[in-house]
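Before any comments, here is the structure.
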Amino acid sequence: MHLLTFEIKTGETKIGVRFNEEVYSLNAVIRAYNETERKSIAEETSLESIIQKNELSGIREAWNWALENRGKTETSRYAIQDVKVKEPLSNPGKVVCVGNNYMDHCIEQNVAPPKKPMIFSKWATSLIGNGETIELPEESEQVDYEVELTVVIGKTARNVTEEEAMDYVFGYTIMNDVSARDVQFEDVQWVRGKSYDTFAPLGPVIVTKDEIEDPHNLGISLEINGEKLQDSNTSNLIFKIPYIISYLSQGFTFEPGDIIATGTPHGVGVFRDPQIFLQSGDTCKLDIESIGTLENKVR
Numbered sequence: 001m002h003l004l005t006f007e008i009k010t011g012e013t014k015i016g017v018r019f020n021e022e023v024y025s026l027n028a029v030i031r032a033y034n035e036t037e038r039k040s041i042a043e044e045t046s047l048e049s050i051i052q053k054n055e056l057s058g059i060r061e062a063w064n065w066a067l068e069n070r071g072k073t074e075t076s077r078y079a080i081q082d083v084k085v086k087e088p089l090s091n092p093g094k095v096v097c098v099g100n101n102y103m104d105h106c107i108e109q110n111v112a113p114p115k116k117p118m119i120f121s122k123w124a125t126s127l128i129g130n131g132e133t134i135e136l137p138e139e140s141e142q143v144d145y146e147v148e149l150t151v152v153i154g155k156t157a158r159n160v161t162e163e164e165a166m167d168y169v170f171g172y173t174i175m176n177d178v179s180a181r182d183v184q185f186e187d188v189q190w191v192r193g194k195s196y197d198t199f200a201p202l203g204p205v206i207v208t209k210d211e212i213e214d215p216h217n218l219g220i221s222l223e224i225n226g227e228k229l230q231d232s233n234t235s236n237l238i239f240k241i242p243y244i245i246s247y248l249s250q251g252f253t254f255e256p257g258d259i260i261a262t263g264t265p266h267g268v269g270v271f272r273d274p275q276i277f278l279q280s281g282d283t284c285k286l287d288i289e290s291i292g293t294l295e296n297k298v299r
């Protein structure tokens with residue numbers, strides 16, 4: 001399922017499932033299914049609550065029924081262009097990021113690949129949704145882009161093995177790890193330069209892990225104003241998802257709804273010649289195969 005949070009024209013926020021060019025209100029589907037089939041599947045309040053429960057069997061049951069009974073779900077459906085897609089998660093407990101995790105990204109910097117995952121974090125207040133605006137801070141002239149496959153944790157994880165690690169994954173989404181390079185490098189510690197408000201566009205959906213057979217074989221790319229600047233495949237990740245989860249869980253506890261941005265491939269602006277940085281009026285378009293497109297303007 002492609003789960004999302006969206007806002008309709010009245011301003012009401014709903015949770016839903018995207019299917020082709022339509023969005024289904026999940027709770028409307030559940031109500032229709034319960035009434036028609038005399039079921040008692042509980043409605044949901046947010047994607048966070050769904051992830052906390054980590055139990056999708058009832059939702060899948062209702063969703064499969066909706067796909068087979070489209071005539072009974074007309075009031076549940078919205079055209080994608082008629083809704084505002086919001087960030088799927090608004091306040092994850094942890095936004096963990098992995099640096100220098102693509103070999104080609106290390107090569108473009110002329111640095112050796114790390115021997116262990118290189119970890120930093122972003123604040124949750126930097127999250128925005130698809131279609132929202134990346135705001136350029138006055139104190140930076142070097143705001144850069146980074147497309148990243150992002151893992152959503154589904155269960156509490158502490159001291160898990162690599163073999164167990166994928167059992168703790170709920171799904172996948174896309175993040176643009178927007179970075180003020182001048183601030184980042186001046187501070188040495190990266191958090192401030194990576195965590196300005198609006199510096200973590202996320203979405204547009206969370207794809208449940210059953211829908212992606214191999215997260216380590218997905219095309220991943222980024223365009224600015226139609227020019228493709230990053231183009232790679234997640235097969236080029238140095239540290240794979242099971243290792244990252246296991247390695248980090250030895251040090252701290254993951255909780256449901258935490259997210260891990262797994263790193264960006266080559267092509268970031270700061271290491272180009274000449275350098276390319278985001279400018280007011282730009283449009284960032286990020287694509288990851290089997291997940292979708294995350295698009296944001298810059299101001």
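With the first letter of the sequence shown counted as 1, position 241 gets the number 241 in the UniProt record's numbering; the numbers rise by one all the way through. We treat Cβ as the ideally placed atom computed from N, Cα and C, and that holds for glycine. These numbers come from a predicted model, not from an experiment.
With a threshold of 16 other CB atoms inside 10 Å of the CB of G91, please say whether the residue is buried or exposed.
A quick correction: the sequence has Asn, not Gly, at residue 91. Under this definition N91 is an exposed residue.
Anyone know if the C-beta pair for G219 and D287 falls short of 9 Å?
yes
Using the rule of at least 16 other Cβ atoms within 10 Å of the residue's Cβ for burial, across every protein chain shown, is Q279 buried or exposed?
exposed
Tell me whether Q230 sits in a helix, a strand or coil according to DSSP, three-state version.
strand
Using 8 Å for Cβ pairs, my map puts S140 next to D182. What's the rounded Cβ distance?
6 Å
At the level of alpha carbons, what is the spacing between Y102 and Y33?
45 Å
Might you give, ordered along the chain, the residues of its own chain that have their beta carbon closer than 6 Å to the beta carbon of N54, omitting 5 neighbours on each side?
G154, K155
Just how far apart, CA to CA, sit G226 and S179?
20 Å
Roughly how many whole angstroms lie between the Cα atoms of L26 and E164?
30 Å
Within the same chain, show all residues whose beta-carbon is closer than 7 Å to that of T36, passing over the 5 residues directly before and after it, in chain order.
Hits under 7 Å: K72.
Tell me the residue span of the alpha helix (DSSP H) that contains E213.
Unbroken run through E213: none, as it is neither H nor E.
Under the assumption that residue 301 contacts P88 (Cβ atoms under 8 Å), give the Cβ distance between them as a whole number of angstroms.
A question about residue 301 goes unanswered here, because the residues of the chain that appear run from 1 up to 299.
Have a look at T283, I276, W65 and flag the residue whose alpha-carbon is nearest the alpha-carbon of I224.
T283
Applying the 10 Å Cβ sphere with the 16-neighbour rule, what's the burial state of E295?
The residue in question, E295, is buried, as its Cβ has 16 or more Cβ neighbours within 10 Å.
Restricting to runs no shorter than 3 residues, where is the beta strand (DSSP E) found entirely within the region 102-175?
Runs found: 118-121, 147-153.
Report yes if the CB atom of I59 is closer than 9 Å to the CB atom of I80, and no otherwise.
no
Contact check, V98 vs I244 under 8 Å by CB: the rounded distance?
6 Å
What are the partner residues of Y78, as DSSP defines its beta bridges?
V23
If contact is defined by three or more beta carbon pairs under 8 Å, each pair taking one atom from either stretch, is the region 189-209 in contact with the region 245-256?
no
Which residues in the same chain have their Cβ closer than 8 Å to the Cβ of S76, if we skip the five residues on either side of it in sequence?
Y24, S25, A28, V29, A32, A66
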